[in-house]
Amino acid sequence: MGIDFEMGWVKRDLRSVDAERSSLVLSVTGNIIESQGFVAGMGAMCVIDDPSGGHPEVLAEVVSFDKETIKLIPYHETTGLSRRSRVRFFSESVGLSVSDDLLGRVINPLGEIIDSQQVTRDSRNATHFSGSKIPPLEKASINQPLDVGVRVINALLTMAKGQRIGLVAGSGVGKSTLMAMITKHTDADVVIVGLIGERGREAREFIEDTLGPEGLRKAIIVLATSDTTAVMRRRGAEVCHILAEYFRDKGQNVLLLCDSLTRVAHAQREIGLAVGEPPTSKGYPPSVFTELPKLMERGGMGRPGSGSISSIYTVLAEYDEGMDPIVEIARATLDGQIMLSRQLADAGHYPAIDLNGSISRLAAKVVSDEVLDAATRYRRYWSLYEQNKDIINIGAYKSGADESLDVAVRMRSSMVKFARQSVDLAAGMDESAESLLALMGES
């Protein structure tokens with residue numbers, strides 16, 4: 001009788017594996033397991049058993065090899081492994097068992113459902129899917145706005161269906177709250193949320209309290225907390241894109257939120273340094289700067305007639321302006337960025353979006369000239385006030401010295417009111433545009 005081994009990715013009778021594609025463990029050093037004696041390609045999956053039978057089998061991924069040895073990084077703890085443990089080849093190509101039954105559920109990067117819901121998944125409806133990358137020239141054109149339900153984004157930083165944008169923020173400035181607003185209010189058929197490298201407590205609070213049952217209804221949460229292995233965290237980001245590509249190919253418009261791209265970079269840094277890559281900028285090995293653009297480029301429009309993937313990647317600003325390599329690579333690759341301001345957050349202004357540092361590069365393609373002109377004037381007055389607020393606050397500015405600044409001062413309270421929004425309140429695209437035109441008509 002064969003042994004059934006299912007971890008969401010694949011299901012296979014392990015005893016049917018060719019005996020020649022297995023060997024003993026040579027060494028375990030930190031997160032690296034070394035073996036030799038059989039051939040397995042990069043990214044291949046292997047299973048490592050505990051000869052004593054006291055611990056479950058360990059799934060591991062091939063991350064490096066040379067003439068004699070292969071190096072693997074495990075998805076789970078390596079407790080119980082020894083020189084008598086056997087590494088067995090499992091699968092050359094890795095995919096995911098995907099179906100509509102995953103909607104409303106929380107899964108780990110191996111595709112296992114990890115929430116507390118009692119409803120079981122019907123695997124008969126599942127499709128084994130390994131992702132579907134589309135060449136750039138085969139993608140449909142971007143020409144439709146994306147309604148995210150957040151007034152300041154809809155009106156001033158208008159996103160398009162198929163756009164990829166970064167959400168750049170430090171800690172404690174309302175990033176999770178803004179993510180929950182976008183998840184609940186966006187006009188999308190399916191929402192994929194990747195919580196990569198999050199603290200377990202914060203992940204639970206986001207799912208149960210911030211997002212809630214309403215936000216979870218059309219969403220799939222991929223959870224890889226900070227205590228999981230580096231390869232598990234990196235795989236979590238890939239699984240998000242596999243899920244998004246599956247629903248896109250079914251003709252659905254998908255919103256993908258990956259929180260956070262920085263933690264994905266940290267995971268790849270751990271893997272790269274463990275296999276001997278040299279550290280470069282801020283300790284990141286070269287593979288980080290290769291893998292992140294490949295990941296972000298998987299979003300966008302599908303082929304004509306299919307769906308789209310609109311992607312939002314959160315990026316943690318860990319260094320000063322221009323000094324963070326992950327922020328810079330996100331800016332260079334994505335179609336714009338939304339910056340969150342600690343100063344606005346401290347003042348109780350939510351969402352704390354800093355218009356001076358934020359831009360949507362596709363806004364001009366999907367909004368009318370009238371709305372675009374109103375948004376430009378709003379941003380100009382906002383920026384003008386911010387540049388002069390110190391002299392305004394101390395009473396040193398005299399009305400009449402600058403006509404544009406006079407308008408910015410007069411409209412400030414109305415503009416601040418426009419930019420604020422309650423978490424549970426959705427502001428549609430048409431409503432946001434009409435409110436902006438009405439406001440700027442007063443100028």
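For the sequence shown, the residue numbers in UniProt numbering are 1 to 443. Virtual Cβ for every residue (Gly too), placed ideally from N, Cα, C.
The bridge partners DSSP lists for V87 are S23 and I48. In this structure, T314 sits near D259, with a CB-CB distance shorter than 9 Å. Between V222 and G236 the beta-carbon gap is near 5 Å, inside 8 Å, which marks them as a contact.
Assignment of S358 by DSSP, reduced to helix, strand and coil, places it in the strand class. In its chain, beyond the 5 residues on either side, T158 have a beta carbon closer than 6 Å to the beta carbon of A363. About 6 Å separates the CB atoms of G41 and E92; that is less than 8 Å, so the two are in contact. In terms of Cβ geometry, I220 and V193 form a close pair [threshold 9 Å]. Rounded to whole angstroms, N253 and P136 show a C-alpha spacing of 18 Å.
Spatial neighbours of R361 in its own chain (CB-CB distance under 7 Å, excluding positions within 5 residues in sequence) are listed in chain order as D335 and G336. Residues of the same chain with a CB within less than 7 Å of the CB of V288, apart from the 5 flanking positions on each side, are A265, Q268, R269 and G272 in chain order.
The three-state reading of DSSP puts P293 in helix, counting H, G and I together. Leaving aside the five residues that flank R248 on each side, the residues in its chain whose CB is nearer than 7 Å to its CB run, in chain order, V254, G302, S306, G307, S308 and I309.
Y350 is not bridged by DSSP to any residue.
Per DSSP, the beta-bridge partners of I220 are I192. Between G251 and T225, the C-beta spacing is not below 9 Å. Each of G43, V58 and A44 was checked against the Cα of D50, and the nearest Cα belongs to V58. Here D249 carries a helix assignment [DSSP, helix/strand/coil]. Per DSSP, the continuous alpha helix (DSSP H) segment holding F418 begins and ends at E403 to A419. Cα atoms of T280 and P286: separation of roughly 7 Å, rounded to the nearest angstrom.
DSSP lists A60 as the beta-bridge partner residues of P74.
With a cut-off of 8 Å on Cβ pairs, the stretch 172-182 is not in contact with the stretch 376-391, counting fewer than three such pairs.
DSSP places F206 within a helical segment (H, G or I) once states are collapsed to three.
Here the alpha carbons of I394 and K218 stand approximately 50 Å from one another. In this structure L295 is not in contact with V98, their Cβ atoms being roughly 18 Å apart against a cut-off of 8 Å. Burial is judged here by how many other beta carbons sit within 10 angstroms of a residue's own beta carbon; N356 has fewer than 16 and is exposed. Between G300 and I142, the CB-CB gap stays under 9 Å. Contact annotation, V87 with I48: C-beta distance approximately 5 Å; criterion of less than 8 Å satisfied. Proximity to T210 across M179, G200 and P145 peaks at M179, based on C-alpha coordinates. Closest in alpha carbon position to I70, among L195, L24, I134 and K417, is L24. Here P293 is exposed: its Cβ has fewer than 16 other Cβ atoms, across all protein chains shown, within 10 Å. With respect to I338, V191 sits apart: the two C-beta atoms are not nearer than 9 Å. Secondary structure of S435 (DSSP, three-state): helix. Looking at I113, S85 and A203, the one whose alpha-carbon comes closest to that of H55 is S85.
DSSP places T183 within a helical segment (H, G or I) once states are collapsed to three. Taken in chain order, the unbroken stretches of alpha helix (DSSP H) that lie wholly in the stretch 258-283 and span 4 residues or more are 261-274.
In this structure C46 touches V62 by the C-beta definition: roughly 7 Å separates them, less than 8 Å.
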